[in-house]
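Engineer:
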């Protein structure tokens with residue numbers, strides 16, 4: 001994992017939603033204590049649970065940026081009579097995430113939970129939120145498999161990956177490419193994204209010539225073997241949708257294999273482009289010429305200050 005993690009623009013997109021979350025919780029709590037004593041107002045703390053994989057680049061970044069967001073909010077609103085207190089749980093797997101949210105409910109008596117980090121955990125969080133009537137807010141979940149009518153307490157604060165797939169299809173159509181190769185994580189999340197890709201590219205009559213799934217534990221030798229096979233194919237356009245650990249290794253191997261030279265085109269999704277500021281110099285050199293996409297945030301004073309605060313984290 002990189003030692004220096006900078007809040008990237010889209011990471012700021014995700015974390016800025018916490019300002020809304022913070023405002024909502026604080027306003028609600030402030031209204032609740034208005035009829036209480038002045039002592040209650042001074043001591044009013046709103047516990048909020050956070051479930052992240054703190055060993056992942058996204059989890060590490062989100063943890064730091066959330067603390068920044070809360071600090072910035074109260075710096076701008078010093079007269080608020082409530083204070084959010086984040087209770088962060090480290091969850092490296094789906095099972096750990098499920099246990100973490102139960103522990104937050106039972107022992108910390110939280111008023112809301114920010115999570116899950118992975119889309120495959122959505123269902124449990126959504127059903128639990130519906131049962132206990134508590135908001136579960138995810139700024140990382142990217143699929144749209146849940147019904148909003150049936151899961152009123154689950155808030156997905158990011159656009160789903162169908163929009164990203166449409167953007168990729170439009171880019172390829174603009175360049176006049178008729179075939180592409182998709183390299184992706186062999187996970188439920190990766191497979192869901194592939195289905196979006198299929199739909200979007202069919203609409204613009206572009207063929208997904210090869211679709212290769214890599215397990216997260218794939219060794220460099222396996223990556224090299226698959227890339228060497230692709231080097232002999234006619235299709236020279238590659239779209240990569242992987243977690244940073246696997247994706248950055250893929251590009252280092254790709255340069256060694258010889259598929260990063262002139263004549264090849266590479267596009268990465270925001271699963272990698274969110275973390276380009278945190279990769280090492282070797283990987284940065286390997287990825288020269290790669291095109292990345294991520295949602296756009298218009299420039300503003302708040303964004304400038306927030307990004308400045310994230311430098312060197």
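In this note's numbering, the protein residues as written are 1 to 313.
All C-beta atoms, glycine included, are put in the ideal place defined by N, C-alpha and C.
These numbers come from a predicted model, not from an experiment.
1. Which parts of the stretch 88-126 are runs of the alpha helix (DSSP H), unbroken and 4 residues or longer, counting only runs that do not cross its ends?
2. Which full runs of the beta strand (DSSP E) of 3+ residues lie inside the stretch 230-296, going along the chain?
3. Assuming residue 182 and residue 230 make a contact with CB atoms under 8 Å, what is their CB distance in whole Å?
4. What is the residue span of the beta strand (DSSP E) that residue 56 lies within?
5. Using the Cα positions of residue 50 and residue 295, report the straight-line distance between them to the nearest angstrom.
6. Taking three-plus beta-carbon pairs below 8 Å as touching, is the stretch 51-58 in contact with the stretch 108-124?
7. Which residue wins for smallest C-alpha separation from residue 110, given the options 85, 92, 118 and 124?
8. Determine, using beta-carbon pairs with one atom in the stretch 159-175 and one in the stretch 296-306, whether at least three such pairs fall under 8 Å.
9. Pull up the distance between the alpha-carbon of residue 72 and that of residue 307, whole angstroms please.
10. Give the C-beta separation of residue 241 and residue 271 to the nearest angstrom, bearing in mind that I take them to be a contact with Cβ-Cβ under 8 Å.
11. Taking DSSP as the reference, what is the three-state secondary structure of residue 64?
12. Does the beta-carbon of residue 117, which I'm using as the reference point, lie nearer than 8 Å to any heavy atom of the ligand SAH?
13. According to the neighbour-count rule (16 or more other Cβ atoms, all chains shown, within 10 Å of its Cβ), is residue 78 buried or exposed?
14. What's the call for residue 192, buried or exposed, on a 16-neighbour Cβ count within 10 Å?
15. Please identify the residue among 273, 291, 94 and 57 whose C-alpha is closest to the C-alpha of residue 260.
16. Residue 71 by DSSP, collapsed to three states: which one?
17. Since residue 282 contacts residue 243 with CB under 8 Å, what's their CB separation in whole angstroms?
18. Tell me whether residue 316 is buried or exposed, calling it buried when 16 or more other Cβ atoms sit within 10 Å of its Cβ.
19. Can you have a look at residue 46 and say buried or exposed, based on whether 16 or more other CB atoms are within 10 angstroms of its CB?
20. Of the residues 209, 214, 267 and 82, which one's Cα is nearest the Cα of residue 233?
21. Looking only at C-alpha atoms, which of 131, 138 and 64 sits nearest to residue 119?
22. Considering only their Cβ atoms, is the gap separating residue 87 from residue 108 smaller than 9 Å?
23. Just to confirm the assignment: which complete beta strand (DSSP E) runs, minimum length 3, are found wholly within the stretch 160-232?
24. Taking C-alpha atoms, which residue in 169, 96 and 190 lies nearest to residue 216?
25. Considering Cα atoms alone, identify which of 205, 287, 258 and 57 is closest to residue 171.
26. Which first and last residues belong to the beta strand (DSSP E) in which residue 138 is found?
27. With residue 156 as the anchor, note down where its beta strand (DSSP E) starts and where it stops.
28. With distances taken from CA atoms, which of 65, 48, 275 and 184 is nearest residue 314?
29. According to DSSP, residue 128 sits in a beta bridge with which residue or residues?
Structural biologist: On the basis of the supplied data:
1. 94-103
2. 237-241 and 265-268
3. For the purposes of this step, residue 182 is taken as the residue at position 182 of the chain shown. For the purposes of this step, residue 230 is taken as the residue at position 230 of the chain shown. Between residue 230 and residue 182 the Cβ distance is about 11 Å, and since that is not below 8 Å, they are no contact.
4. Translated into positions along the chain shown, residue 56 becomes position 56. Element bounds for residue 56: n/a, residue is neither H nor E.
5. Position 50 of the chain shown holds residue 50. Position 295 of the chain shown holds residue 295. Going by the C-alpha atoms only, they are around 24 Å apart.
6. yes
7. What you label residue 110 is simply residue 110 of the chain shown in a count that begins at 1. Among 85, 92, 118 and 124, the Cα nearest to that of residue 110 is on 85.
8. no
9. Residue 72 sits at position 72 when you count from the first residue of the chain shown. Residue 307 sits at position 307 when you count from the first residue of the chain shown. Rounded to whole angstroms, residue 72 to residue 307 spans 12 Å at the Cα level.
10. Here residue 241 is taken as the residue at index 241 of the chain shown, counted from 1. Here residue 271 is taken as the residue at index 271 of the chain shown, counted from 1. The Cβ separation is near 6 Å, so the contact holds.
11. For the purposes of this step, residue 64 is taken as the residue at position 64 of the chain shown. Here residue 64 sits in helix by DSSP.
12. With respect to the ligand SAH, the structure shown offers nothing to examine, as it has no ligands at all.
13. Here the question's residue 78 lines up with position 78 in the chain shown. Using a 10 angstroms sphere on the CB of residue 78, the tally of other CB atoms stays under 16, which defines it as exposed.
14. For this step, residue 192 is matched to residue 192 along the chain shown. By the neighbour-count rule (16 or more Cβ atoms within 10 Å), residue 192 is buried.
15. Residue 260 sits at position 260 when you count from the first residue of the chain shown. The residue among 273, 291, 94 and 57 with its C-alpha nearest the C-alpha of residue 260 is 291.
16. Against the chain shown, residue 71 aligns to sequence position 71. Residue 71: helix per DSSP, three-state reduction.
17. Within the chain shown, the letter at position 282 stands for residue 282. Within the chain shown, the letter at position 243 stands for residue 243. With a Cβ gap of about 18 Å, residue 282 and residue 243 do not count as contacting.
18. Since the first and last residues shown for the chain are 1 and 313, residue 316 lies out of range.
19. The count along the chain shown starts at 1 and reaches residue 46 at position 46. Classification for residue 46: buried.
20. The sequence position of residue 233 within the chain shown is 233, counting from 1. If we check each option's Cα against that of residue 233, 209 comes out closest.
21. Position 119 of the chain shown, counted from the first residue, corresponds to residue 119. When only C-alpha atoms are compared, the closest one is 138.
22. Stepping through the chain shown from its first residue, residue 108 is reached at position 108. Stepping through the chain shown from its first residue, residue 87 is reached at position 87. Taking 9 Å as the cut-off, the beta carbon of residue 108 is found closer than this to the beta carbon of residue 87.
23. Runs found: 179-185 and 207-214.
24. Within the chain shown, the letter at position 216 stands for residue 216. Measuring from the Cα of residue 216, the nearest candidate turns out to be 190.
25. Here the question's residue 171 lines up with position 171 in the chain shown. Checked all of 205, 287, 258 and 57; the closest Cα to residue 171 is 205.
26. In the chain shown, residue 138 corresponds to position 138, counting from 1. Here the beta strand (DSSP E) through residue 138 covers 136-138.
27. Position 156 of the chain shown, counting from 1, holds the residue named residue 156. Here the beta strand (DSSP E) through residue 156 covers 154-156.
28. It is not possible to answer for residue 314, since the shown part of the chain is limited to 1 through 313.
29. On the chain shown, position 128 is the one that residue 128 refers to. BP columns for residue 128 are empty, so no partner.
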